[in-house]
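Okay, so here's the structure we're looking at.
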Amino acid sequence: MVTFTDSLQASGQLRIRIEDEADELRSLLAWLRQEDALRGRVRPENTPVGQGEMGGALDALVVAVGSGVVTALAGALAAWIPHRRAELRITVTTESGRTVEVDGKRVDVPALVEILERLLAGNAEDNEQRNAVEAPE
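For the working numbering, add 3 to where a residue sits in the sequence shown, where the first one is 1.
Here it is in structure tokens:
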């Protein structure tokens, strides 16, 4: 299922988080880096280094958005998710706070592309607008 919520205008970067799943984020990073359209556009983002720590933990992936990137990202997420052993909730957020949550094992790629494009374009009607998309079984 994909859920879209709108709070502010979008920007040209998307931040992908998987709560409490740094290993899954590393797996997704490796997966996305194999996509030609995403190569060079995805980078890891670590939490700030705390006092007495050697380095921050992997917190998110940041995707620079450009021509063809949304379609490639949606397709890559849809291909990666079914290979996970557990159901994950993946949150894609713009710097301005608009989000898409993807969960479950089946993702409708065209619907996800449309929602991500709307997320970036800022065409949502208001904060209460929510769309849920689930691939047919």
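All residues carry an ideal CB built from backbone N, CA and C; glycine is no exception.
Note that the structure is a prediction, hence the values are computed from the model and not measured.
Does the Cβ of residue 79 have 16 or more other Cβ atoms within 10 Å, making it buried, or fewer, making it exposed?
buried
Between the beta-carbon of residue 28 and the beta-carbon of residue 35, is there less than 7 angstroms?
no
DSSP on residue 23, reduced to helix/strand/coil?
coil
Residue 74 - DSSP class collapsed to helix/strand/coil:
helix
List the whole-angstrom C-beta distance separating residue 31 from residue 64, where the pair is believed to meet the contact cut-off of C-beta under 8 angstroms.
6 angstroms
On the DSSP letters alone, give me the boundaries of the alpha helix (DSSP H) that residue 114 sits inside.
112 to 124
For the candidate residues 39, 55, 59, whose alpha-carbon lies nearest to that of residue 48?
59
Closest to residue 96 by C-alpha separation, out of 62, 88, 43, 85, would be which residue?
62
Would you kindly check if the distance between the Cβ of residue 122 and the Cβ of residue 109 is under 7 angstroms?
no
Name the residue from 74, 72, 21 whose alpha carbon lies nearest to the alpha carbon of residue 87.
21
Residue 43 versus residue 19 - alpha carbon distance:
16 angstroms
Report the CB separation of residue 77 from residue 119 in whole angstroms; it is logged as a contact under 8 angstroms.
6 angstroms
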